[in-house]
Amino acid sequence: MFSGTQSRTVASTNMNATSSRAHTVVTIVFDQIIKTNNGETKKSSTMNLVDLAGMQMT
1 MFSGTQSRTV
11 ASTNMNATSS
21 RAHTVVTIVF
31 DQIIKTNNGE
41 TKKSSTMNLV
51 DLAGMQMT
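The opening residue of the sequence shown carries number 1 in UniProt numbering; numbering runs sequentially from there.
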């Protein structure tokens with residue numbers, strides 16, 4: 001998150017003097033490890049949260 005915030009670009013547009021029109025993608029990975037007498041099984045799920053910059057009007 002810190003790296004993405006540091007890389008964010010802020011610039012003026014015709015509609016907004018301090019527009020921050022950044023797209024944001026956050027990926028969350030869930031891992032579950034199930035241990036049994038026969039070894040272990042791993043289940044993984046990935047969730048992507050996407051925020052696309054929209055139109056800004058002032």
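Every residue, glycine too, gets a C-beta built ideally from N, C-alpha and C.
- request: Check whether the Cβ atoms of Asp51 and Lys42 lie closer than 8 Å to each other.
  value: Indexing the sequence shown from 1 puts residue 51 at position 51. Indexing the sequence shown from 1 puts residue 42 at position 42. In this structure, Lys42 does not lie closer than 8 Å to Asp51 by Cβ.
- prompt: From Ser7 to Lys35, what distance separates their C-alpha atoms?
  reply: Within the sequence shown, the letter at position 7 stands for residue 7. Within the sequence shown, the letter at position 35 stands for residue 35. Between Ser7 and Lys35, the C-alpha separation is close to 41 Å.
- request: Would you tell me roughly how many angstroms separate the C-alpha atoms of Thr24 and Asn37, rounded to the nearest one?
  value: Counted from its first residue, the sequence shown places residue 24 at position 24. Counted from its first residue, the sequence shown places residue 37 at position 37. Distance between the alpha carbons of Thr24 and Asn37 is about 43 Å.
query: Quick one: Cα of Ile28 to Cα of Ala53, how far?
result: Reading the sequence shown from its first residue, position 28 is the one you call residue 28. Reading the sequence shown from its first residue, position 53 is the one you call residue 53. Ile28 and Ala53: Cα-Cα distance of roughly 20 Å.
query: So Leu49 is in the beta strand (DSSP E); what residue range does that whole segment cover?
result: Position 49 of the sequence shown, counted from the start, is the residue given in the question as residue 49. Per DSSP, Leu49 belongs to the beta strand (DSSP E) from Gly39 to Asp51.
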